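For what it's worth, our numbering labels the leading residue of the sequence shown as 4, then goes sequentially. For every residue, glycine included, the Cβ atom is placed at its ideal position computed from N, Cα and C. Treat the numbers as computed from the prediction; the structure is a model and nothing was measured.
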Amino acid sequence: MSGNSIKLAGAAFAIGLMMNGAHAEDAPAKAAADLAKYTAIPTFEAAGEAFDAKACMAGKSILSIPGSSSVPFLATINASMARIAKDVGFKFQIWENQGQPTQWVQGVEFGVSNKFNLIDLLAGADPRSLVPQIKAARDAGVAVTASHVTGFEQDVPGGVTAAIPIDYKQAGKLLAEWTISKTAGKTNALVLVTNEVLSTDSMVAGLKEAFADCPDCTYKIVNVSIPDWASKIQPNVQSAVIADPGINYVIPIYDSMSQFVVPALTITGASDRVKIATFNGTPFVLDMIQKGQVEMDVGENLDWIAYGLLDAQMRLLCGLAPVKDPKIPFFIFDASNAATAGTPAESSKGYGDAYLAGYKALWKL
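Shown next as structure tokens:
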């Protein structure tokens, strides 16, 4: 190689190092800028035209099959949906289950045999494991929706009539960005996921996208199925933080997992060095923020979710245009604002109340 070639190669290498260094410095600032968009009280945005919900839903019925009734996030949403349905004036029933696919199958069959107009698979009841049952339901004239289970970029799964998506990819991205911002681009995270839940694919895509912009960040993904959360999350976290003292964040992508993460950090004496960033806004996790056990939760107003999902389902039953975005906003809770959700926290507090008047007008109630 000539002397000039060596100089050029050396210059290119130096420029590469400089650009990589600049990239590393930019990652926390870029993350902070994105996070800032989710710190203002959300405003209401309608997902479609106004309609007379009470008139069009008279005599109609909806059966909700949650991913698992034992997950507080889902139980809270279902309770709100039941209350709202009563206010509008139609039958709403919940198929209680513990997250077993056989129980979801039984739920769909129950919905068909009892002539419900719509069966909703809520946040975890995976349509991909129910293809024959979904086809049988639709053949019987029953609409089937997959709610809060897919991201905007994901296909409608399992032959359902419609998917009611959430921006899961952005939620995952925000979790990674929080850690990047807080560690100045030096995240070493343990990410807890549940692969049988379809939304996990979207959230992990968002996480990976954000971490790809952070050259000094590392992360390890551990899968735990919903029925195993209570028995396997704690030992997995304990083992990980003992094996790698450099871990500075645990990211349980669904916040109900956090109840099993906190004891693991306490037992291992890692609570001071390892923080928790999570997603959903389940009230008991917002209480954990107030107690200093969880650092951050990308919250969704669970009552707002209930309104948004029912809005989309009612539109489907009323022959209106299907909803591609239910307009359910995210809002970041941390130690600075968690108390606004109440003490103890409530599913509908801390986000403002613009949605209450918004849906009332939208549904002509």
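Nearest-angstrom Cα distance between Arg131 and Thr153?
12 Å
- Query: Touch check for the stretch 182-190 and the stretch 139-149: three-plus C-beta pairs under 8 Å?
  - Reply: no
Handout entry: Residue burial classification, Asn81 (beta-carbon count within 10 angstroms, cutoff 16)
Key = buried
| task | Give the single residue among Asn251, Cys321, Ser205, Asp258 whose Cα lies nearest to the Cα of Asp275. | result | Asn251
Buried or exposed by the 16-neighbour rule on C-beta atoms within 10 Å, applied to Gly62
exposed
Distance between Ala338 and Ala344 (C-alpha atoms, nearest Å):
11 Å
Which whole-angstrom value describes the C-beta separation of Val56 and Met291, a residue pair presumed to lie in contact below a C-beta threshold of 8 Å?
A small correction: the amino acid at residue 56 is Ala; Val does not occupy that position in the sequence shown. Not really, about 36 Å apart at Cβ, beyond 8 Å.
Check your understanding: So Thr79 packs on Leu312, CB below 8 Å; how close in whole Å?
Key -> 13 Å between Cβ atoms; not a contact.
Note to self: Looking at the secondary structure, which residues open and close the beta strand (DSSP E) in which Leu195 lies?
What the structure shows: 191-196
Assign Glu298 to one of two classes, buried (16 or more other C-beta atoms within 10 Å of its C-beta) or exposed (fewer than that). buried
Q) Between Val225 and the rest of its own chain, which residues show a CB-CB distance below 8 Å, the 5 nearest in sequence each way excluded? A) Leu193, Val194, Leu195, Val196, Asn239, Ala243
Endpoints, alpha helix (DSSP H) assigned at Lys214
Note that residue 214 is Phe in the sequence shown, not Lys. Run containing Phe214: 202-215, per the alpha helix (DSSP H) assignment.
Checklist entry - In the structure shown, what three-state DSSP assignment does Pro69 receive? => result strand
- [ ] Please name the residue or residues paired with Tyr252 in a DSSP beta bridge.
- [x] Ala192, Lys278
If you drop the 5 nearest sequence neighbours on each side, which residues of the same chain put their C-beta closer than 8 Å to that of Gln103? Pro230
Cα-Cα, which of Gln157, Ser64, Val265 is closest to Gln96? Ser64
For the alpha helix (DSSP H) containing Ile308, list its first residue and its last residue. 305-320
Using only the alpha-carbon positions, how far apart do Ser8 and Pro218 sit? Note that Ser8 scores 44 on pLDDT, short of 50, meaning its location in the model is unreliable and no value can be drawn from it.
Three-state secondary structure assigned by DSSP to Ser351 | coil
Could you give the first and the last residue of the continuous beta strand (DSSP E) run that contains Gln96? 94-97
*asked:* Tell me whether the stretch 208-217 and the stretch 260-278 touch, counting them as touching only if at least three CB pairs, one residue from each stretch, are closer than 8 Å.
replied: no
Item to check | Environment of Glu303 [buried if 16+ CB atoms lie within 10 Å] | outcome: buried
Requested in this report: Specify the secondary structure class of Lys235 as computed by DSSP and reduced to three states.
Outcome: helix
Measuring only the C-alpha atoms, how far is Pro332 from Pro45?
6 Å
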